[in-house]
Amino acid sequence: SKAKLFDEKTDVKTSFKDVAGLEGAKEEVQEIVDFLKNPEKYTSLGGKIPKGALLVGPPGTGKTLLAKAVAGEAKVPFFSLSGSDFVEMFVGVGASRVRDLFKQAKEKSPSIIFIDEIDAIGRARGKNAMSGSNDERENTLNQLLTEMDGFGTNTNVIVLAATNRADILDKALMRAGRFDRQIFVDLPDVRERKEIFEVHLRPLKKAEGLDLDFLSKQTPGFSGADIANVCNEAALIAARNNKKAVDKQDFLDAVDRIIGGLEKKNKIVT
Ligand code: ATP
Numbered sequence: 183s184k185a186k187l188f189d190e191k192t193d194v195k196t197s198f199k200d201v202a203g204l205e206g207a208k209e210e211v212q213e214i215v216d217f218l219k220n221p222e223k224y225t226s227l228g229g230k231i232p233k234g235a236l237l238v239g240p241p242g243t244g245k246t247l248l249a250k251a252v253a254g255e256a257k258v259p260f261f262s263l264s265g266s267d268f269v270e271m272f273v274g275v276g277a278s279r280v281r282d283l284f285k286q287a288k289e290k291s292p293s294i295i296f297i298d299e300i301d302a303i304g305r306a307r308g309k310n311a312m313s314g315s316n317d318e319r320e321n322t323l324n325q326l327l328t329e330m331d332g333f334g335t336n337t338n339v340i341v342l343a344a345t346n347r348a349d350i351l352d353k354a355l356m357r358a359g360r361f362d363r364q365i366f367v368d369l370p371d372v373r374e375r376k377e378i379f380e381v382h383l384r385p386l387k388k389a390e391g392l393d394l395d396f397l398s399k400q401t402p403g404f405s406g407a408d409i410a411n412v413c414n415e416a417a418l419i420a421a422r423n424n425k426k427a428v429d430k431q432d433f434l435d436a437v438d439r440i441i442g443g444l445e446k447k448n449k450i451v452t
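Pasting the structure below:
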């Protein structure tokens, strides 16, 4: 079986309504949606549409979700790939795969390319000279830079990339005409956590009077992904206990379970 190079989604349903909090980031990407929907409006005055933006923030904060929502709002195809898959799966052919990806995206433009974990490809060059895969990674990175530089002003493909390690990226990636915009996607504060709960509680059968302010206060440091997990866990716990609706205790048990999982994960790391 052939490994999949990238995902192509033509009918993205994700919208800004699915992305809770992140007001600043949403405002910044709204501009990209406008470019994609109406490029002539911008280029007619001589402006150049940006080619790329970097979404920077901790894991699980909604970077992928936001990129998808840009495609959904602009109603354009969404091409996505993960930097780490890329480096692992395509030994020897990384550069040609990048070429294929951009070719497809240009054919279907206006479109979005999303590269998750770009640090796997875009780490600063010249480090780890001992590792054999390094040349391969550099070739892939160079091809990515070449493709972005080769975009004409009216290509109408915008490349979004996500990382939680902007500090280790090759500075060449951030040069003008490449990923020259950084959009920060931070962990949610208590008010934003409440909004995220609201999104992920939508599909659940909730007990009467469930206090979202209380739940938001019980979950400091949780990412959007953690909160999505809590909601799902709570529903499973309630079902296991043969309840008709998910109640406060189910959520507290779910929070405990998620905290337990997070502590384990942190232990392995340190
Ligand atoms: P990673 O860096 O680990 O790839 P990410 O920042 O791309 O993470 P996502 O994959 O977008 O995070 O988030 C995972 C899931 O968590 C989303 O599909 C969504 O269910 C939930 N989620 C995260 N952030 C938000 C948010 N701001 N609003 C609503 N749901 C969110």
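Okay, so the sequence shown: first residue is 183 according to UniProt numbering, each after it adds one.
Note that beta-carbon positions come from the ideal geometry of N, C-alpha and C, so glycine has one too.
Keep in mind that this is a model prediction, so the values were computed, not measured.
Asked	Found
Please classify residue 256 as buried or exposed, where buried requires at least 16 other C-beta atoms within 10 Å of its C-beta.	buried
Would the beta-carbon of residue 441 fall within 7 Å of that of residue 202?	no
Indicate the three-state DSSP secondary structure (helix, strand or coil) for residue 295 in the structure shown.	strand
May I ask you to check if the CB of residue 292 is nearer than 6 Å to at least one heavy atom of the ligand ATP?	no
Comparing alpha-carbon positions, which option in 259, 235, 394, 360 lies nearest residue 214?	235
Can we count residue 407 as close to the ligand ATP, meaning its CB is less than 6 Å from some heavy atom?	yes
What are the boundary residues of the alpha helix (DSSP H) that residue 398 is part of?	394-399
Within 10 angstroms of its Cβ, does residue 385 collect 16 or more other Cβ (buried), or is it exposed?	exposed
Out of 306, 340, 320, 227, point me to the one whose CA is closest to residue 260's CA.	340
Looking at the secondary structure, which residues open and close the alpha helix (DSSP H) in which residue 303 lies?	301-304
Just checking residue 252 against the ligand ATP - is the residue's beta carbon closer than 6 Å to any of the ligand's heavy atoms?	no
Run the proximity test for residue 207: is its beta-carbon closer than 6 Å to any non-hydrogen atom belonging to the ligand ATP?	no
Are residue 194 and residue 254 closer than 7 Å when you measure CB to CB?	yes
State yes or no: is the C-beta of residue 276 within less than 7 Å of the C-beta of residue 243?	no
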